[in-house]
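Undergrad: There's a structure below that I have some questions on.
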Amino acid sequence: MFKKKVIALLLGAALVASMITGCGGAAGTSSDSGKSTGGKKVGVSMPTKDLQRWNQDGDNMKKEFEAAGYEVDLQYASNDVQTQLSQVENMISSGCNVLVIAAIEGSSLGEALDMAKEKGVPVIAYDRLLMDSDAVSYYATFDNYMVGTVQGTYVKDTLDLDNAEGPFNIEFTAGDPGDNNAGFFFNGAYDVLKPYIESGKLNVVSGQKTFEEVATPAWATETAQSRAENILSSNYADGKNVDVWLCSNDSTALGVETALANNYNGTYPIITGQDCDIENTKNMIAGKQSMSVFKDTRTLASQVVKMVGQILNNETVDVNDTTTYNNNKITVPSYLCEPVFADANNYKEILIDSGYYTEDDLK
Ligand code: BGC
């Protein structure tokens, strides 16, 4: 059985390894891919500025692409599918040589992707897979299933599910059904916890345990909050404790945390998250969120800059997974970076010492 510290160590080691090997190393990456990039233009399409991480993703990519000699057209689509579609179409008609796209909805950019294919513009799906299209050249992301596994394993170890008597009460809050990642996160966590749910050691009091039942459209904090409020008033108003709230990411965890603050007086649950957003990291320090899975946007940006350089220079493109990500049309060659476990004990090392945040950011 894995212990929490062992996981932290393993994931920490994986981070270091990934920095040394394929998935990172900004300086080396930039100069490698800068070989013959003169005059090349990259279109970077991000879903929204509302969530902290996409701002960081966009900023990091722009910085790295420019340092490598590219021109960059960076656009945010305000979580509006039509806006993203026309932004991507504009990128193609304005002469971008390659596109990097984090889709709002994986399957809604078909027309733009067809246009890219027609014009011979390679497309990298960024963080979220682009669905239902054979025009996707590569996918760069963090290992989404592993994100869920890290969350589930954290719950398993913290409650010591193999030895503790239980039973414990648990609720789930997952992500956007339009985002292919959301199912991977949920399944990764659920697969770890399933044996304990089946044996009755974990009790899903609301009864809501399928992805469809626990999903949160658009990953919206307010939606997660109101669903959590309903669950609390229907199932926990009699004084029952909720021991775990498995949240797939930080924006949904924030909603659950607000719901608990307003509607719950029992023992505070274990709450998981993902992204290490500033608000959530503050909550981890304050004991209102137990952990978050850290996906260093600098690491992914570096990987993508490297892959773009390889594509444009007709070199072999760095991938490490050619089987997992089928988008209903093709299996997209992928590079999966490794996510890292973060909590109140290691956040200084992972987030501050690495320069991701300053102490002041977290005050
Ligand atoms: C990303 C997560 C993020 C979520 C909401 C997912 O596709 O992988 O990091 O929390 O979208 O934006």
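Note that the sequence shown ends on residue 364 in the working numbering; no numbers are left out.
Each residue gets a CB set at the ideal place from its N, CA and C atoms; glycine is no exception.
Nothing here was measured: the structure is a model prediction, and the numbers come from that model.
Looking at Y336: is its Cβ nearer than 8 Å to the Cβ of N314?
TA: Here residue 336 refers to the residue found at position 335 of the sequence shown. Here residue 314 refers to the residue found at position 313 of the sequence shown. No, the Cβ-Cβ distance between Y336 and N314 is not below 8 Å.
Undergrad: Could you compute how far the alpha carbon of K36 sits from the alpha carbon of E67?
TA: Counting from 1 along the sequence shown, the entry for residue 36 is found at position 35. Counting from 1 along the sequence shown, the entry for residue 67 is found at position 66. Interpretation of K36 is limited by its pLDDT of 49, a score under 50 that renders its predicted location unreliable; the figure taken from the coordinates is listed afterwards. Near 13 Å, if we compare the C-alpha coordinates of E67 and K36.
Undergrad: Classify A117: buried if its beta carbon has 16 or more other beta carbons within 10 angstroms, exposed otherwise.
TA: By 1-based counting over the sequence shown, the position of residue 117 is 116. It is buried - the Cβ of A117 has at least 16 other Cβ atoms within 10 Å.
Undergrad: Thinking just about the alpha-carbon of each residue, which of W220, Q275 and N204 is nearest to the one in V243?
TA: Within the sequence shown, residue 243 is the residue found at index 242, counting from 1. Answer by Cα proximity: N204.
Undergrad: May I ask whether a heavy atom of the ligand BGC can be found less than 7 Å away from the beta carbon of Q275?
TA: Stepping through the sequence shown from its first residue, residue 275 is reached at position 274. Yes; taking the cut-off as 7 Å, the Cβ of Q275 has a heavy atom of the ligand BGC nearer than that.
Undergrad: Using only the heavy atoms of the ligand BGC, determine whether one of them is closer than 7 Å to the beta carbon of S108.
TA: Residue numbering aside, residue 108 sits at position 107 when the sequence shown is read from its first letter. Every heavy atom of the ligand BGC is 7 Å or more from the Cβ of S108, so no.
Undergrad: Assuming T217 contacts V193 (C-beta within less than 8 Å), just tell me the rounded distance between them.
TA: For the purposes of this step, residue 217 is taken as the residue at position 216 of the sequence shown. For the purposes of this step, residue 193 is taken as the residue at position 192 of the sequence shown. With a Cβ gap of about 20 Å, T217 and V193 do not count as contacting.
Undergrad: For the ligand BGC, is there a heavy atom less than 7 Å away from the beta-carbon of L86?
TA: Here the question's residue 86 lines up with position 85 in the sequence shown. It does not: the Cβ of L86 is nowhere closer than 7 Å to a heavy atom of the ligand BGC.
Undergrad: Have a look at T300 and C338 and give me their C-alpha separation to the nearest angstrom.
TA: In the sequence shown, counting from the first residue as 1, residue 300 sits at position 299. In the sequence shown, counting from the first residue as 1, residue 338 sits at position 337. Roughly 8 Å between the two C-alpha positions.
Undergrad: Using the C-alpha atoms, what's the distance from P270 back to Q53?
TA: Stepping through the sequence shown from its first residue, residue 53 is reached at position 52. Stepping through the sequence shown from its first residue, residue 270 is reached at position 269. If I take the Cα positions, the gap works out to 25 Å.
Undergrad: Could you tell me if A238 is buried or exposed, where buried requires 16 or more neighbouring beta carbons within 10 angstroms of its beta carbon?
TA: As a position in the sequence shown, residue 238 is number 237, starting the count at 1. Exposed, because fewer than 16 other Cβ atoms sit within 10 Å of the Cβ of A238.
Undergrad: Out of E223, T84, A113 and E316, point me to the one whose CA is closest to C97's CA.
TA: Walking along the sequence shown from the start, residue 97 turns up at place 96. The shortest C-alpha separation from C97 is found at A113.
Undergrad: Check whether the Cβ of G176 lies closer than 7 Å to any heavy atom of the ligand BGC, and answer yes or no.
TA: For this step, residue 176 is matched to residue 175 along the sequence shown. G176 Cβ: within cutoff of the ligand BGC.
Undergrad: Could you work out which residue in V89, I105, A69 and C277 is closest to S79 when comparing CA atoms only?
TA: Counting from 1 along the sequence shown, the entry for residue 79 is found at position 78. The shortest C-alpha separation from S79 is found at I105.
Undergrad: Taking the alpha carbon of A225 as the reference point, which residue from K241, A254, D128 and Q83 has its own alpha carbon closest?
TA: On the sequence shown, residue 225 is found 224 positions in, with the first residue counted as 1. It is A254 whose Cα lies nearest to the Cα of A225.
Undergrad: As a quick exercise: from L110, T282, V318 and T317, pick the residue whose alpha carbon is nearest that of Q83.
TA: Position 82 of the sequence shown, counted from the first residue, corresponds to residue 83. The shortest C-alpha separation from Q83 is found at L110.
Undergrad: Would you call the stretch 351 to 363 in contact with the stretch 158 to 171, where contact means no fewer than 3 C-beta pairs closer than 8 Å?
TA: No contact exists between the stretch 351 to 363 and the stretch 158 to 171.
Undergrad: Quick check: what's the CA-CA separation for G75 versus V306?
TA: Translated into the one-based positions of the sequence shown, residue 75 becomes position 74. Translated into the one-based positions of the sequence shown, residue 306 becomes position 305. With the sequence shown as reference, residue 75 is identified as Leu, and Gly is not the correct amino acid for it. If you take the alpha carbons of L75 and V306, they lie about 14 Å apart.
Undergrad: Note the first and the last residue of the continuous alpha helix (DSSP H) segment covering V82.
TA: Here residue 82 refers to the residue found at position 81 when the sequence shown is read from its first residue. Start and end: V82 to S94.
Undergrad: Going by DSSP in three states, M308 sits in which element: helix, strand or coil?
TA: Numbered from its first residue, the sequence shown carries residue 308 at position 307. Reduced to three states, the DSSP call for M308 is helix.
Undergrad: Once DSSP output is grouped into helix, strand and coil, what is the label at D133?
TA: Here the question's residue 133 lines up with position 132 in the sequence shown. DSSP places D133 in coil when its eight states are reduced to three.
Undergrad: Looking at the structure shown, is G44 part of a helix, part of a strand, or coil, going by DSSP?
TA: For the purposes of this step, residue 44 is identified with residue 43 of the sequence shown, where counting begins at 1. Strand, per DSSP.
Undergrad: Extract the residue ranges of the beta strand (DSSP E) inside the stretch 205 to 280, only unbroken runs of 3 or more that lie entirely within it.
TA: Counting only runs of 3 or more, we get 245 to 248.
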